[in-house]
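In this note's numbering, the protein residues as written are 90 to 177.
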């Protein structure tokens, strides 16, 4: 049981603390490139045994997701967007 809790905490910590992940960079030249990335905020909560039954549960939820992309076709034409999906 302790190993399951430890591995769950480690996995949750890696998901929460890895906020500076690099995006995918597709580069044809210095003037032509595209960059795509995804950022997710995932929460996990382990509930102990309740009074009505002896079962425990682990709840996962995605609180926030951001999909972003940017690029350049030539030095004059550039594009980009940040799409936020939040559970407020």
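Each residue gets a CB set at the ideal place from its N, CA and C atoms; glycine is no exception. Quick caveat, the model's predicted, so the values are computed rather than measured.
In its chain, beyond the 5 residues on either side, 157, 158 and 159 have a beta carbon closer than 8 angstroms to the beta carbon of residue 170.
In the structure shown, the three-state DSSP call for residue 152 is strand. With respect to the C-alpha of residue 148, the residue from 155, 135 and 168 having the closest C-alpha is 135. For residue 171, the enclosing beta strand (DSSP E) covers residues 167 to 175.
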